[in-house]
Amino acid sequence: MKKRIVVAGLLATAVVCQGAQAKSLEDILKDKGVITEQDYKEVSKSALSNYQLGSGFTFKTDDDRFKLSLGGRLQTRFTLTDNDLKQDVDKFEVKRMYIWLKGNAYSKDLTYKVQYNMAANTDSQSGSNGNLLEAFLNYAPVNEFQVEAGQDIIPWGRQIITSSGAYQFVDRSFAENAFIPAYDIGLNLHGNLGKDLVEYSAGVYNGTGQNTTRSTNTLAFNGRIAFSPFGAVPYSEGDFDQTPTPKVTVGGSYFLNALRLSTTSAGAASLEKSYGDGYRNSGGWLGKGYSYLATSGVSENLNIQEQEADLAFRWMGASLDAEYFLGQAEGDTTGKELRAQGYYVQAGYFVIPKRLQLAMRFNYVDPNRDVSNDLHTETQGAISYYFNNHNLKLQGDVTSGHDQASSNNKDYMEYRLQAQVIF
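All residue numbers for the sequence shown refer to my numbering, where the first residue is 53 and numbers rise by one.
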């Protein structure tokens, strides 16, 4: 009985200390003489290996053929919107509450990830078609050639590839949201060449977005390539590493898809359900402009192309990120065409290394280049304090926006405060 009490006490102590000590639970028990060497080997096959902040709790077998990590991320936010011509709005919300499982099975080369958003208020990245965000397998016999199958973010654009938990601002750029394809189900070939000198991906997808299959025989295609001549810039905003020599990554992406546009004789138009903000909501270029394409009583396919170019720079605590977007949609029956463009530029600097960062960003979207007075711009400033990198941080930003296309809300100010913990 006494031995059981000692073991229970050691178990509790070990679990509490996991985040601060390198030793695993079974290591502590063996060092205390509670278990034998043989017991240690047996327990190690399936015991809790360790806890690492930002990576969660990890279970694995002693041969590393099977591994499972469990973790999550919580973002709580307050937003105050000061509208020029409308009533002001303020709100508290749980913006994101992600739970994820990831690891490998049968081999270190076969990895998997499943991520679910528990928040009722789904974010613009995931849209509204269910809370399952990621569910994929990735086979990587070599780093240069990997195959991923399942649902994941389409690697189109630098900021959307970057986790929403690793931003300099409270959230991603308005311009990014206007064009991103976001989540989809498909097959992606990708890899890194020459020790991260070249990063590439080429994928084929349903083309109907998150948790949705296609009812037609068309598919969507995506390609991306990025060059890092002085070493790859990580997909994390801000220069936490105080990079001693300049690093720069230049990339570009191309996306091709077809969506069904149906228009009644009365002129009401509907667009086949698809990706996040970029297609589904009024904030996106196609969401704003599809009525421009509609012809009364005509249903047709919209052939959609999107191009993107991006730049990332890091040096001595300073960072620069920028992306430029082009979108084109053309009806295969009427020949009507919609052209859009947008960009954002953001820069940040750690005034206190690894702790306090200031940032500025400008966003621009023209959802229809053939129509005047429809521009949407935002100028933003942000301050972030990091207790432990992106794992534990407090962020605030201020946005001054101008939307020419809106009759009721042309000018606005928005104030946001957000706390994040990754565990």
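Heads up, the beta-carbon is just placed ideally off N, CA and C, and yes, glycines get one too.
Distance, residue j Cα to residue i Cα
{"i": "Q409", "j": "V450", "result": "15 Å"}
{"i": "P298", "j": "P286", "result": "13 Å"}
{"i": "Q167", "j": "G336", "result": "25 Å"}
{"i": "T476", "j": "L444", "result": "In this structure the chain extends from 53 to 475, so residue 476 is not present and cannot be described."}
{"i": "A471", "j": "S215", "result": "16 Å"}
{"i": "I40", "j": "I212", "result": "The requested residue 40 does not occur in the structure, where the chain is confined to residues 53 to 475."}
{"i": "K381", "j": "I151", "result": "It is worth fixing the name first, because residue 381 is Ala in this sequence and not Lys. Roughly 36 Å between the two C-alpha positions."}
{"i": "T133", "j": "P281", "result": "42 Å"}
{"i": "K247", "j": "M149", "result": "34 Å"}
{"i": "H428", "j": "F111", "result": "48 Å"}
{"i": "A230", "j": "E89", "result": "59 Å"}
{"i": "Q73", "j": "M170", "result": "Because the pLDDT at Q73 is just 41, under 50, the model does not fix this residue reliably, and the value given afterwards should be weighed accordingly. Each residue's Cα considered, the two are about 30 Å apart."}
{"i": "F439", "j": "I356", "result": "43 Å"}
{"i": "V473", "j": "H442", "result": "8 Å"}
{"i": "K462", "j": "Y235", "result": "31 Å"}
{"i": "D161", "j": "F365", "result": "31 Å"}
{"i": "L245", "j": "Q198", "result": "11 Å"}
{"i": "G283", "j": "S305", "result": "20 Å"}
{"i": "T113", "j": "Q127", "result": "32 Å"}
{"i": "K82", "j": "N102", "result": "15 Å"}
{"i": "K165", "j": "Q447", "result": "28 Å"}
{"i": "D418", "j": "V141", "result": "26 Å"}
{"i": "G261", "j": "P233", "result": "8 Å"}
{"i": "L120", "j": "F475", "result": "15 Å"}
{"i": "E196", "j": "Y416", "result": "36 Å"}
{"i": "R468", "j": "E251", "result": "34 Å"}
{"i": "A278", "j": "D91", "result": "49 Å"}
{"i": "R391", "j": "N420", "result": "5 Å"}
{"i": "Y342", "j": "K143", "result": "31 Å"}
{"i": "Q104", "j": "T264", "result": "34 Å"}
{"i": "S348", "j": "F307", "result": "28 Å"}
{"i": "G383", "j": "L354", "result": "5 Å"}
The alpha helix (DSSP H) enclosing residue i, as first and last residue numbers
{"i": "Y344", "result": "W337 to L345"}
{"i": "A230", "result": "F226 to F231"}
Close-in-space but distant-in-sequence residues of the same chain around residue i (CB under 6 Å, 5 per side omitted)
{"i": "D362", "result": "R210, G303 and E375"}
{"i": "K406", "result": "F292"}
{"i": "A457", "result": "D426"}
{"i": "Q432", "result": "R413, D449 and T451"}
{"i": "I237", "result": "Q203 and N258"}
{"i": "S253", "result": "P207, N240, H242 and R276"}
{"i": "R224", "result": "Q211"}
{"i": "F402", "result": "G369 and Q409"}
{"i": "L378", "result": "Q359 and Q393"}
{"i": "K388", "result": "L345"}
Same chain only: Cβ atoms within 7 Å of residue i, ignoring 5 sequence neighbours per side
{"i": "A201", "result": "F188, L189 and L239"}
{"i": "T220", "result": "According to the sequence displayed, residue 220 carries Gln and not Thr. Only E289, G290, Q398, G400, Q409, A411, A434 and S436 meet the Cβ criterion."}
{"i": "D79", "result": "none"}
{"i": "T385", "result": "V350 and E352"}
{"i": "E228", "result": "G209, Q211, I212, E375 and Y396"}
{"i": "G217", "result": "R125, H442, Q472 and I474"}
Boundaries of the beta strand (DSSP E) in which residue i is found, first to last residue
{"i": "Q167", "result": "S159 to N169"}
{"i": "I212", "result": "Not the beta strand (DSSP E): I212 falls in the alpha helix (DSSP H), residues R210 to I213."}
{"i": "N190", "result": "L184 to V194"}
{"i": "G108", "result": "G108 to K112"}
{"i": "R312", "result": "K299 to T315"}
{"i": "L408", "result": "L408 to D418"}
{"i": "S267", "result": "That residue, S267, is in no beta strand (DSSP E); it is neither H nor E in DSSP."}
{"i": "S424", "result": "Neither: S424 is in no beta strand (DSSP E) and is coded neither H nor E."}
{"i": "S322", "result": "A321 to L323"}
Neighbourhood of residue i by C-beta distance below 8 Å, restricted to the same chain and skipping five residues each side
{"i": "Y158", "result": "R117 and F118"}
Residue i - partner residues in DSSP beta bridges
{"i": "K143", "result": "T131"}
{"i": "V403", "result": "None, per the DSSP bridge assignment."}
{"i": "A201", "result": "L189 and L239"}
{"i": "N258", "result": "In the DSSP output, where bridge partners are listed per residue, N258 has none listed."}
{"i": "D449", "result": "A434 and R468"}
{"i": "G381", "result": "Reading off the sequence shown, one finds Ala at residue 381, where the question assumed Gly. In DSSP, A381 forms a bridge with I356 and L390."}
{"i": "A278", "result": "E251 and G303"}
{"i": "F26", "result": "Residue 26 is absent from the model: the chain starts at 53 and stops at 475."}
{"i": "S121", "result": "T110 and K154"}
{"i": "Q398", "result": "D373 and R413"}
{"i": "S351", "result": "S314"}
{"i": "V285", "result": "Paired residue(s): none; V285 is not in a bridge."}
Below-9 Å beta-carbon distance, residue i vs any chain D residue
{"i": "G85", "result": "Considering every chain present, this structure includes no chain D. It has just one protein chain."}
Contact test: residue i Cβ vs the ligand FMN heavy atom, cutoff 8 Å
{"i": "S121", "result": "This structure simply doesn't include the ligand FMN, nor any ligand for that matter."}
- Query: Can we say the region 358-375 touches the region 394-410, given the rule of at least three CB pairs closer than 8 Å?
  - Reply: yes
- Message: Using 8 Å as the cut-off, can you tell me whether the region 248-260 makes contact with the region 268-275, which would need three or more C-beta pairs spanning the two stretches below that distance?
- Response: yes
- Item | Contact the region 307-314 vs the region 415-424: 3+ CB pairs below 8 Å | no
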